[in-house]
Amino acid sequence: MATKTVDLRQLRRELIIREWTRIFKNFRYLGFVGFTKGVPWRRLFLRQRVTEGLSEVDARFCKPWEGREVTENLGWKDMKPLFLGFPSAVCFSNDSQQFMEAMKRSCSLIPGGLLLGAKVDELLLSGPSFQKILNGPSQKELQLQLLNSLKGDVSLVTVLGRPQQELVNIFSNRLRSLTCVLDNYEKKLS
Numbered sequence: 006m007a008t009k010t011v012d013l014r015q016l017r018r019e020l021i022i023r024e025w026t027r028i029f030k031n032f033r034y035l036g037f038v039g040f041t042k043g044v045p046w047r048r049l050f051l052r053q054r055v056t057e058g059l060s061e062v063d064a065r066f067c068k069p070w071e072g073r074e075v076t077e078n079l080g081w082k083d084m085k086p087l088f089l090g091f092p093s094a095v096c097f098s099n100d101s102q103q104f105m106e107a108m109k110r111s112c113s114l115i116p117g118g119l120l121l122g123a124k125v126d127e128l129l130l131s132g133p134s135f136q137k138i139l140n141g142p143s144q145k146e147l148q149l150q151l152l153n154s155l156k157g158d159v160s161l162v163t164v165l166g167r168p169q170q171e172l173v174n175i176f177s178n179r180l181r182s183l184t185c186v187l188d189n190y191e192k193k194l195s
């Protein structure tokens, strides 16, 4: 009977690692918020509160041993320090806009939560670097910068043969996606 229990525990452990491996490999955006003190993840309904209204995002509680083993198996040595001592909430998605919203919620909902870092495609960002992205310029600031640059560059308006307001509207619509913000900051960080 005791050997069955050991086998079932080992099987459960392997299934947990297999699921985390699938998540780490198949999602473009992964964010890690560490619990610096005991937080009742289930009792506070944090998963539901982080993902509420975001259909393309999920969040899970990750124990340190799970994260270490998965990063070892995948050969992601740079990510191993994220799982040294803290359990963490892991948000993951393929939609950048919803991912950013979920990360902002995670940081604000988790008492004493520490932003450990994020993985964007193959790029690993430290906690402070990713915090700069989360706190980056608002859409209004970016639109104002764009408007000011368009006002100063009349040649762009002339070459395209379109009225200035139409160009501002075109660029404004494209800037609404947080993907643009994330891409700009990734270039600056690298």
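Position 82 of the sequence shown, counting from 1, maps to 87 under the working numbering, and the rest follow consecutively.
Idealized CB from N, CA, C, for every residue including glycine.
Bear in mind that the values here come from a model prediction, so they are computed numbers and not experimental data.
Helix, strand or coil at residue i according to DSSP, with G and I counted as helix
i: Ser60; result: coil
i: Lys124; result: strand
i: Leu89; result: coil
i: Phe50; result: coil
i: Thr163; result: Legend: pLDDT at Thr163 = 48, less than 50; position of this residue unreliable, value from coordinates given subsequently. The answer is helix: DSSP assigns Thr163 an H, G or I state.
i: Arg23; result: helix
i: Gly132; result: helix
i: Gly43; result: coil
i: Phe97; result: strand
i: Phe37; result: strand
Per-residue burial, residue i [other beta carbons within 10 Å of its own, 16 or more giving buried]
i: Leu161; result: Model confidence at Leu161 stands at a pLDDT of 49, short of 50, so the residue's coordinates are unreliable and nothing is read from them.
i: Glu92; result: With the sequence shown as reference, residue 92 is identified as Pro, and Glu is not the correct amino acid for it. Result: buried.
i: Phe50; result: exposed
i: Gly36; result: buried
i: Leu79; result: exposed
i: Val164; result: Confidence at Val164 is low in this model, with a pLDDT of 45, below 50, so the placement of that residue should be treated as unreliable; the coordinate-derived value is given next. Under this definition Val164 is an exposed residue.
Close Cβ partners of residue i (< 6 Å) along its chain, the five nearest in sequence each way excluded
i: Arg18; result: none
i: Ala64; result: Arg52, Val55, Thr56, Ala94 and Cys96
i: Asp100; result: Glu61
i: Trp3; result: Residue 3 is absent from the model: the chain starts at 6 and stops at 195.
i: Trp25; result: Glu71 and Val75
Distance between beta carbons of residue j and residue i, contact taken as under 8 Å
i: Ala123; j: Val62; result: About 13 Å separates the two Cβ atoms, so there is no contact after all.
i: Tyr34; j: Phe104; result: 4 Å
i: Val75; j: Phe29; result: 6 Å
i: Leu121; j: Gly43; result: Rounded, the Cβ-Cβ distance is 17 Å, inconsistent with contact.
i: Phe32; j: Ser111; result: In fact, because the Cβ distance is near 15 Å, the residues do not count as touching under 8 Å.
Close Cβ partners of residue i (< 8 Å) along its chain, the five nearest in sequence each way excluded
i: Asp83; result: Leu129
i: Ile21; result: Glu71
i: Ser131; result: Gly122
Cβ-heavy atom distance, residue i to the ligand FMN, below 7 Å
i: Lys109; result: Ligands displayed in this structure: none; no statement on the ligand FMN is therefore possible.
Same chain only: Cβ atoms within 7 Å of residue i, ignoring 5 sequence neighbours per side
i: Gly90; result: Pro69
**Message:** Assess contact between the region 109-118 and the region 65-79, defined as three or more Cβ pairs (one per stretch) separated by less than 8 Å. Is contact present?
**Reply:** Short answer: they don't touch.
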